[in-house]
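One structure is given here, and the rest of the page talks about it.
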Ligand SMILES: Nc1ncnc2c1ncn2[C@@H]1O[C@H](COP(=O)(O)OP(=O)(O)OP(=O)(O)O)[C@@H](O)[C@H]1O
Ligand SMILES: [Mg+2]
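Numbering (this note's numbering), first residue to last: 1247 to 1358.
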């Protein structure tokens, strides 16, 4: 199993959710986060003066899937989340050692 951790633009959640529904992933956690990438934030201009916001609101999606499904899920997220502008986000894939469905005690991929 692997955990796919995707930082995306909040405005892209609906598209990403729809793409994931097509793939019928077991579950997902969504968290409001703030972060920065290689631009270290974003610069705005307001009434002639510029100011920088270092930490930009993003959504963090966490999805645990069997390893053999990781590639298609990552591809679906990337396709649905991309606008082509800086700040589109990032995806990390992290190994997961164990999973348990608390209600039934099922373990491993069966718990997803
Ligand atoms: N190396 C990293 N480690 C952890 N989180 C990161 C990392 N890079 C980006 N993030 C997270 O992803 C969000 C979006 O990053 P962003 O898309 O701006 O990446 P980038 O590398 O600057 O690419 P781009 O040049 O397309 O903007 C950040 O706000 C942060 O939450
Ligand atoms: Mg960036």
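Glycine included, each C-beta is placed from N, C-alpha and C at the ideal position.
Pull up the distance between the alpha-carbon of residue 1297 and that of residue 1285, whole angstroms please. 14 Å
Please report how far the alpha carbon of residue 1294 lies from the alpha carbon of residue 1301, in whole angstroms. Using only the alpha carbons, I get a separation of about 22 Å.
For residue 1252, which beta-bridge partners are listed by DSSP? 1307, 1337
Under 8 Å between the Cβ atoms of residue 1342 and residue 1248? yes
Can you tell me which of 1322, 1307, 1329 puts its alpha carbon nearest to the alpha carbon of residue 1280? 1307
Could you work out which residue in 1313, 1282, 1315, 1305 is closest to residue 1275 when comparing CA atoms only? 1305
Taking all protein chains shown into account, decide if residue 1335 is buried (16 or more other Cβ within 10 angstroms of its Cβ) or exposed. buried
Could you tell me which residues DSSP pairs with residue 1280 in its beta bridges? 1303
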